[in-house]
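This report refers to the structure that appears directly beneath it.
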Amino acid sequence: MAHKILVVDDELQIHTFIRISLVAEGLEYCGAHSIAEAIVMLEQGGIDAVVLDLGLPDGDGIRLLDHLRSQSRIPVLILTARDEEDEKIRLLEAGANDYLSKPFGIRELMVRIKVLLRDLVDETKGADELHCGRIRLLQSSHQLWLDEQELALTKKEFAFLCMLAKHPNKLIKQTDLLKNIWGATHTEDTHYLRVLVSQLRRKLRDSVDEQQLLKTEPGLGYRLLTQVLTKQ
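In terms of the working numbering, the sequence shown opens at residue 112 and continues consecutively.
Dropping the structure here:
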């Protein structure tokens, strides 16, 4: 699957030549022309890296960087016409992974993006397969096995179990699950989780009464258990 790059810039010409270059490199392009548009796309998920201009019609791009860093480690490359050293230091300290001064060459931009994606792959390499008791997950292909039997899951069901499997037996808070799976604007929508967990229990054959795999902590969150519980 091609990496998806979100380009956030209010200049159509910039979008055009970056899009052509990304596609030529086998990458997937998506575009936003404002902070508001970019937030919507980020909340939809699937973005692997962001190319962000600072001069946007609804505010300074660093606002979007702050928003992104409050909930994600997606790599961000800043496009800036501000060439002062202090400004570049400020951007890096705010959480940017790299920056490129305008005007820039498209070949250099592509190289910078590839480096960010390479670092992203290196960071996650070796942790692709997760084991948690009777459950095994393969993140790269979105596959899950229960007792070596493969089960079909939706993207959100898989994302939910991945978050829990990365921290076996640990309580994962409702607010963290909602923010990561549905987005920062849905942290109060706990009914989303109740419906999703109900669907998962059916697929995992894990009844509400037994809770041998998914443990609900009412009002708090959920745990993915590694050992079968015995009744007292």
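For every residue, glycine included, the Cβ atom is placed at its ideal position computed from N, Cα and C.
Asked	Found
Drop a sphere of 10 angstroms on the beta-carbon of P329, count the other beta-carbons inside from all chains shown, and report buried for 16 or more, exposed for fewer.	exposed
Going by other Cβ atoms of all chains shown within 10 Å of its Cβ, with 16 needed for buried, is Y207 buried or exposed?	Here residue 207 is Ala; the residue named in the question, Tyr, does not match the sequence. When all chains shown are included, A207 counts as buried.
Our contact map puts D194 next to D164 with C-beta atoms below 8 Å; I'd like the distance itself, whole angstroms only.	No, D194 and D164 are not in contact; Cβ-Cβ is about 14 Å, not under 8 Å.
Shortest alpha-carbon distance to S183 belongs to which of G172, A192, D171 and A160?	A160
Taking the alpha-carbon of G170 as reference, which of V162, I146, I158 and D317 has the nearest alpha-carbon?	I146
Apart from the five residues on each side of it in sequence, which residues of its chain come closer than 6 Å, Cβ to Cβ, to L167?	D121, S145 and I146
If I224 and I185 are in contact, beta carbons under 8 Å, what's the gap, nearest whole angstrom?	Between I185 and I224 the Cβ distance is about 13 Å, and since that is not below 8 Å, they are no contact.
For a quick check, are the C-beta atoms of V308 and L336 less than 9 Å apart?	no
Verify whether the separation of the beta carbon atoms of G131 and V118 is less than 9 Å.	As written in the sequence, residue 131 is Ile, which differs from the Gly given in the question. Cβ distance not < 9 Å, so I131 and V118 don't count as in contact.
Tell me the rounded alpha-carbon separation between D317 and T127.	50 Å
Under the three-state reduction of DSSP, which class applies to D159: helix, strand or coil?	coil
Buried or exposed, going by whether 16 or more other CB atoms sit within 10 Å of the CB of Q285?	buried
Would you give the residue range spanned by the alpha helix (DSSP H) that K326 belongs to?	Looking at the DSSP string, K326 is not in any alpha helix (DSSP H); the run it does join, the beta strand (DSSP E), is L325 to E328.
Thinking just about the alpha-carbon of each residue, which of Q250, R180, K199 and E299 is nearest to the one in A276?	Q250
Taking the continuous alpha helix (DSSP H) assigned at P123, which residues delimit it?	Note that residue 123 corresponds to Leu in the displayed sequence, not to Pro. Start and end: L123 to A135.
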